[in-house]
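Heads up: the structure comes next, in structure tokens.
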Amino acid sequence: VIIRMCKIIDKTCLSPTPTLEQHLMWDDIAILARYMLMLSFNNSLDVAAHLPYLFHVVTLLVATGPLSLRASTHGLVINIIHSLCTCSQLSFSEETKQVLRLSLTEFSLPKFYLLFGISKVKSAAVIAFRSSYRDRSFSPGSYERETFALSSLETVTEALLEIME
85 VIIRMCKIID
95 KTCLSPTPTL
105 EQHLMWDDIA
115 ILARYMLMLS
125 FNNSLDVAAH
135 LPYLFHVVTL
145 LVATGPLSLR
155 ASTHGLVINI
165 IHSLCTCSQL
175 SFSEETKQVL
185 RLSLTEFSLP
195 KFYLLFGISK
205 VKSAAVIAFR
215 SSYRDRSFSP
225 GSYERETFAL
235 SSLETVTEAL
245 LEIME
């Protein structure tokens, strides 16, 4: 699923659009993002082995799309960090475990809700699963977009890099 997502995102540069949501591949990207969210819950994505690819996808999708997809992207990060914290097959130092726990707390703060474009929601987990296929909530133009500064992407990327280190 991760490799397929990377390939689809890569294909979008062959026929660029003003926004990713306007691209013909958008529905596939949105569906795969939701799959990744669900698979990341119990570490079915083997997050430790695929961490760079997962965080690459997150940086491309952060604050992109409708509210439900933005919440899904945020949820993916939360699930990845949680999987790293709870995976018994990984042996981290106490310092690394502390960084992961702090990152989990940090990504749950209103500051990061704002950075992911979900500042107006009370529960990102509820919003991520609220939409249905019938309401076409992944369709471009059917949602209110929050502004996203490049410095916000930098902040998210720095936080993700800290986790990877």
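Heads up: the sequence shown is residues 85 to 249, going by the numbering used here.
Glycine is no exception: its CB is placed at the ideal position from the N, C-alpha and C atoms.
Remember, it's a predicted structure, so these values are computed and weren't measured experimentally.
Residue i: first and last residue of the uninterrupted alpha helix (DSSP H) it sits in
i, result
"Lys91", "Ile86 to Lys95"
"Asn163", "Leu151 to Thr170"
"Leu199", "Pro194 to Leu199"
"Ser187", "Glu178 to Phe191"
Cβ neighbours of residue i in the same chain (closer than 7 angstroms, five flanking residues each side left out)
i, result
"Phe200", "Val146, Ala147, Arg154, Thr157 and His158"
"Asp219", "Since pLDDT at Asp219 reaches only 43, below the 50 mark, its modelled position is unreliable, and no value is offered."
Residue i vs residue j beta-carbon contact at 8 angstroms
i, j, result
"Ile86", "Leu138", "yes"
"Leu174", "Leu168", "yes"
"Thr96", "Thr241", "no"
"Val205", "Leu121", "no"
"Ser187", "Glu249", "no"
Residue i, DSSP secondary structure in three states
i, result
"Ser128", "coil"
"Glu249", "coil"
"Leu108", "coil"
"Ile202", "coil"
"Val142", "helix"
"Ser99", "coil"
"Thr148", "coil"
"Ser236", "helix"
"Leu174", "coil"
Same chain, Cβ closer than 6 angstroms to residue i, neighbours up to 5 away in sequence not counted
i, result
"Leu129", "Leu123"
"Thr101", "His107"
"Leu104", "Thr148"
"Tyr119", "Val85"
"Tyr217", "Because Tyr217 carries a pLDDT of 43, less than 50, the predicted location of this residue cannot be relied on, and no value is offered for it."
Sequence-distant residues of its chain with Cβ nearer than 8 angstroms to residue i (five each side left out)
i, result
"Cys259", "Only positions 85 to 249 of the chain appear in this structure, which leaves residue 259 out of reach."
"Tyr116", "Residue identity check: residue 116 is Leu in the sequence provided, not Tyr. If we look at Leu116 and ignore the five residues flanking it on each side, its Cβ neighbours are Val85, Arg88, Met89 and Ile92."
"His166", "Leu188"
"Leu184", "Ile165, Leu168, Cys169, Phe176 and Ile247"
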